[in-house]
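Trainee: Before we start, here is the structure in question, set down as structure tokens.
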Amino acid sequence: MPAHAGIGLRAQHHAEVLNERPAVGWFEAHSENYFADGGAHLDYLDRIRADYPLSLHGVGLSLGSADPLDREHLRRLARLSRRVEPALISEHLSWSSVGGTFANDLLPLPYTEEALRHVSAKIAQAQDLLGRRILIENVSSYLEFSCSRIPEWEFLAAVATTSGCGILLDLNNIYVSACNHGFDTQAYLEAMPRNAVEELHLAGHTPVIHDGRELLIDTHSAPVCADVWQLYQAALARFGEVPTLIEWDADLPPLAILVAEADKANSIREALYAHAA
Amino acid sequence: MPTLLELQVEFLHAISGAPGGSTFLQRTIRPSGFSPARRLAIYANNAEANYLASLRASFPAILRLVGEAYFNQCGRELRRTHPSRSGDLQHVGAAFPTYLAARHRDDAYRYLGDVARLEWLYQEALTAADHASLDLGALAAVPPARYEALCFSLHPSVRLFASPFPAHAIWDANVASAAEPERLDLDQGADRLLLHRTAGGIVFQQLKPGEWAFLHGLACTCGFGAAVAAATQADPEFDAVAVLHQLVHGNVIVAFALPLDAEQQ
Numbered sequence: 000m001p002a003h004a005g006i007g008l009r010a011q012h013h014a015e016v017l018n019e020r021p022a023v024g025w026f027e028a029h030s031e032n033y034f035a036d037g038g039a040h041l042d043y044l045d046r047i048r049a050d051y052p053l054s055l056h057g058v059g060l061s062l063g064s065a066d067p068l069d070r071e072h073l074r075r076l077a078r079l080s081r082r083v084e085p086a087l088i089s090e091h092l093s094w095s096s097v098g099g100t101f102a103n104d105l106l107p108l109p110y111t112e113e114a115l116r117h118v119s120a121k122i123a124q125a126q127d128l129l130g131r132r133i134l135i136e137n138v139s140s141y142l143e144f145s146c147s148r149i150p151e152w153e154f155l156a157a158v159a160t161t162s163g164c165g166i167l168l169d170l171n172n173i174y175v176s177a178c179n180h181g182f183d184t185q186a187y188l189e190a191m192p193r194n195a196v197e198e199l200h201l202a203g204h205t206p207v208i209h210d211g212r213e214l215l216i217d218t219h220s221a222p223v224c225a226d227v228w229q230l231y232q233a234a235l236a237r238f239g240e241v242p243t244l245i246e247w248d249a250d251l252p253p254l255a256i257l258v259a260e261a262d263k264a265n266s267i268r269e270a271l272y273a274h275a276a
Numbered sequence: 000m001p002t003l004l005e006l007q008v009e010f011l012h013a014i015s016g017a018p019g020g021s022t023f024l025q026r027t028i029r030p031s032g033f034s035p036a037r038r039l040a041i042y043a044n045n046a047e048a049n050y051l052a053s054l055r056a057s058f059p060a061i062l063r064l065v066g067e068a069y070f071n072q073c074g075r076e077l078r079r080t081h082p083s084r085s086g087d088l089q090h091v092g093a094a095f096p097t098y099l100a101a102r103h104r105d106d107a108y109r110y111l112g113d114v115a116r117l118e119w120l121y122q123e124a125l126t127a128a129d130h131a132s133l134d135l136g137a138l139a140a141v142p143p144a145r146y147e148a149l150c151f152s153l154h155p156s157v158r159l160f161a162s163p164f165p166a167h168a169i170w171d172a173n174v175a176s177a178a179e180p181e182r183l184d185l186d187q188g189a190d191r192l193l194l195h196r197t198a199g200g201i202v203f204q205q206l207k208p209g210e211w212a213f214l215h216g217l218a219c220t221c222g223f224g225a226a227v228a229a230a231t232q233a234d235p236e237f238d239a240v241a242v243l244h245q246l247v248h249g250n251v252i253v254a255f256a257l258p259l260d261a262e263q264q
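Here is the structure:
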């Protein structure tokens, strides 16, 4: 995967991507959006994949669920992976289902020894069945559990060490959770094993006010904020020229805006490493 | 300390839209700044919004027909009885047509279930497997004496739809056309439709009684001879050669098999 920044691939931009061939390094597709047996979306993905490296980013595998690994979901992911041969496959350090019922949201885990053993075992099992390493992403959270005994950053690092997975470090998610729970973003970065971080995410968030207090919501509906760009510089300094993605899902702007955000990421990386990609 | 399973069961229940609060979670979530209920509400809202967004994407005509407020009310009720059972949200609309049909079985909106069923078949056709065209050379090599035994296969995107209402006209007026829909007469005619995917998108074709019987026969994996017999019974004017030609060239019929005859067995 090139260090030149990529952008999230959204269906509204399919035709424009093929026509304009924007100068981005790669695309990241949400795996579940291409789980269909056939049809136009898959055809677009094939054609875009012919010209760009691709990452598959899942939101539905529910690796942190107490349920057993969802074999059917994994089978569909494996089928898509065989079809498009992605450079990276990633999922989230979260859960979204229990007892076979899904919230279809990235729900927070209690950071306990039990959860650590469970999610690490499921990630290892998924990697065995896929026949490859996957990356696991930290999520934004809006609550903490009283039973959590391990700081999130230590939990994520331990998951990577125990399961052998890589880390997709979402800097906006670190920032959102740090603001919501009052922890230090720099300490988070420093807790990550250097060699495990293989991808960075940048995105926007939305502040909401409740009872006179601010809470940040990870909406992926806005430009990357100044504080997250600063965090990006710190992450590049620590982890090197890691492939970086601009994520934008809601209130999707024109493709050119996403490309401009990717260009900004490239400028920061090039300034830091003093050479072009 | 709760187990992971205990915590997740309680959490999912608390954000599922089901009535009743959870004192368990009130004790399990750190209050720091905001109440546990306020924090849980963010996840409850996200989960509901994701479910409703998926429904809205699958049923744009129903959304336009009933308006967002009533659509969301129906969606919330559907979510309580038919929660998502997959990490892929695109499946959640499967139960919506039956739900709407039951809700409006005896009122003036009894066509809504059929319009929703048509929209769901449209979604299925969009995402069905691809298939190559029929091998015409292989078909030409079949001896005429064996034509009756031919078993044709339809393209995976093919869906057959029947309704006593003009469901396609209703759909078309609310989705395909941006203009304000004109008034439609619910008694203007029943639908018997073939839907299938082409390179240009989903095609809708109104079928005559003989064509309907013929395609229904093929879809039920009847042999060609039996399908023609059913079609001729429905419409004595049924022209099997012309219809077969049209279906093959339209990529509706995409494969055939020839069962072994008695001598070969």
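For the record, the sequence lines run as chains C and V. Here the first sequence stands for residues 0 to 276, where the numbers follow numbering that gives the first Met the number 0. Here the second sequence stands for residues 0 to 264, where the numbers follow numbering that gives the first Met the number 0. We treat Cβ as the ideally placed atom computed from N, Cα and C, and that holds for glycine.
1. Could you compute how far the alpha carbon of C/Ala-156 sits from the alpha carbon of C/Ala-120?
2. Can you tell me whether C/Pro-109 is buried or exposed? The criterion is at least 16 other CB atoms within 10 Å of its CB, across all chains shown.
3. Mind listing the chain V neighbours of C/Asp-69? Cutoff is C-beta to C-beta under 8 Å, in chain order.
4. Mind checking which residues open and close the beta strand (DSSP E) that includes C/Asp-104?
5. Within the continuous beta strand (DSSP E) that includes C/Leu-68, where are the two ends?
6. With 8 Å as the threshold, decide whether the Cβ of C/Leu-62 is near any Cβ in chain V.
7. For chain V, is any of its Cβ atoms less than 8 Å away from the one on C/Cys-146?
8. For C/His-209, list the residues DSSP reports as bridge partners.
9. For C/Thr-100, would you say it is in contact with chain A, using Cβ-to-Cβ distances shorter than 8 Å as the test?
10. Note down the Cα distance separating C/Pro-206 from C/Cys-178, rounded to an integer number of angstroms.
11. Does any CB atom of chain V fall closer than 8 Å to the CB of C/Glu-31?
12. Within its chain, find whatever has a CB closer than 6 Å to the CB of V/Leu-135; leave out the 5 residues flanking it on each side and keep chain order.
13. Can a CB atom of chain C be found closer than 8 Å to the CB of V/Arg-37?
14. For V/Ser-23, write down the residues that DSSP places opposite it in a beta bridge.
15. May I have the straight-line CA-CA distance separating C/Val-279 from V/Leu-77, to the nearest angstrom?
16. Check whether the segment 75-87 of chain C and the segment 190-202 of chain V touch, using three or more Cβ-Cβ pairs below 8 Å as the test.
17. Can you give the Cα-Cα distance for C/Phe-154 and C/Leu-188, rounded to whole angstroms?
18. If you follow the alpha helix (DSSP H) that C/Ile-133 is in, where does it begin and where does it stop?
19. Could you please give the first and the last residue of the uninterrupted alpha helix (DSSP H) stretch that includes C/His-204?
20. Since C/Asn-171 and C/Val-227 are thought to touch, with beta carbons under 8 Å apart, how far apart are those beta carbons, to the nearest angstrom?
21. What are the partner residues of V/Thr-197, as DSSP defines its beta bridges?
22. Within the segment 51-132 of chain V, note down every full alpha helix (DSSP H) run reaching 4 residues or more, in order along the chain.
23. Could you name each continuous alpha helix (DSSP H) segment of 4 residues or more that falls completely within the segment 123-180 of chain C, going from the start of the chain to the end?
24. Hey, is V/Asp-134's beta-carbon within less than 8 Å of any beta-carbon in chain C?
25. When you compare each of C/Leu-257, C/Glu-269 and C/Leu-44 to C/Leu-235 by their alpha carbons, which one comes out closest?
26. For V/Arg-79 and chain C, any beta-carbon pair shorter than 8 Å?
27. Please list the partners that C/Leu-235 has in chain V, where partner means a Cβ-to-Cβ separation under 8 Å.
28. Mapping DSSP to helix, strand and coil, what is V/Val-8?
29. Closer than 7 Å, Cβ to Cβ, to anything on chain V: give me those residues from the segment 237-263 of chain C, in chain order.
30. Hey, how far is the Cα of C/Pro-150 from the Cα of C/Ala-186?
31. Find the nearest neighbour of C/Ile-6 within the set C/Ala-28, C/Glu-19 and C/Ala-14, judged by alpha-carbon distance.
32. Which class does V/Trp-170 belong to by DSSP, given the choice of helix, strand or coil?
33. Just the Cα atoms here: how many angstroms apart are C/Val-241 and C/Ser-95?
34. Label C/Cys-164 either buried or exposed according to how many other C-beta atoms from any shown protein chain fall within 10 Å of its C-beta, with 16 as the threshold for buried.
35. Please classify C/Arg-9: does DSSP put it in a helix, a strand, or coil?
36. Is it true that the CB of C/His-180 sits closer than 8 Å to the CB of V/Arg-37?
Mentor: Working from what's here:
1. Going by the C-alpha atoms only, they are around 14 Å apart.
2. It counts as buried.
3. Those within 8 Å of C/Asp-69 in chain V are Gly-86.
4. Segment 100-106, the beta strand (DSSP E) holding C/Asp-104.
5. Per DSSP, C/Leu-68 is not a residue of any beta strand (DSSP E), being assigned neither H nor E.
6. So no, C/Leu-62 is outside the interface.
7. When Cβ-Cβ separations below 8 Å define contact, C/Cys-146 makes contact with chain V.
8. By DSSP's assignment, C/His-209 forms a beta bridge with C/Arg-212.
9. In the structure shown, chain A does not exist; the protein chains are C and V.
10. Those two C-alpha atoms are separated by around 10 Å.
11. By this cut-off, C/Glu-31 is an interface position.
12. Same-chain partners within the cutoff: there are none.
13. Answer yes: the Cβ-Cβ gap between V/Arg-37 and chain C drops below 8 Å somewhere.
14. Before going further, note that residue 23 of chain V is Phe rather than Ser in the sequence given. Beta-bridge partners of V/Phe-23 (DSSP): none assigned.
15. Outside the shown range of chain C, which is 0 to 276, sits residue 279 of chain C, and nothing can be said about it.
16. Not touching, per the Cβ criterion.
17. For C/Phe-154 and C/Leu-188, the distance between alpha carbons rounds to 13 Å.
18. DSSP places C/Ile-133 in no alpha helix (DSSP H); its state is neither H nor E.
19. Bounds of any alpha helix (DSSP H) do not take in C/His-204, whose DSSP letter is neither H nor E.
20. Rounded to the nearest angstrom, the Cβ distance from C/Asn-171 to C/Val-227 is 5 Å, consistent with a contact under 8 Å.
21. Paired residues: V/Gly-200.
22. Counting whole runs of 4 or more residues, the segment 51-132 of chain V contains the alpha helix (DSSP H) stretches 59-65, 67-80, 95-102 and 111-126.
23. The segment 123-180 of chain C contains these whole alpha helix (DSSP H) runs: 151-162 and 170-180.
24. No, its Cβ sits nowhere closer than 8 Å to a Cβ of chain C.
25. Of the candidates C/Leu-257, C/Glu-269 and C/Leu-44, the one whose C-alpha sits nearest the C-alpha of C/Leu-235 is C/Glu-269.
26. Chain C, which has no Cβ nearer than 8 Å to the Cβ of V/Arg-79, makes this no.
27. Within chain V, no C-beta atom comes less than 8 Å from the C-beta of C/Leu-235; the nearest is roughly 31 Å away.
28. Looking at V/Val-8 - three-state DSSP - the assignment turns out to be helix.
29. Of all residues in the segment 237-263 of chain C, none has a C-beta nearer than 7 Å to a C-beta of chain V.
30. Their backbone Cα atoms lie some 11 Å apart in a straight line.
31. Of the residues C/Ala-28, C/Glu-19 and C/Ala-14, the one whose Cα lies closest to the Cα of C/Ile-6 is C/Ala-28.
32. In the displayed model, V/Trp-170 falls within a helix according to three-state DSSP.
33. Each residue's Cα considered, the two are about 28 Å apart.
34. By the neighbour-count rule (16 or more Cβ atoms within 10 Å), C/Cys-164 is buried.
35. If DSSP states are grouped into helix, strand and coil, C/Arg-9 belongs with coil.
36. Result no, Cβ atoms of V/Arg-37 and C/His-180 do not sit closer than 8 Å.
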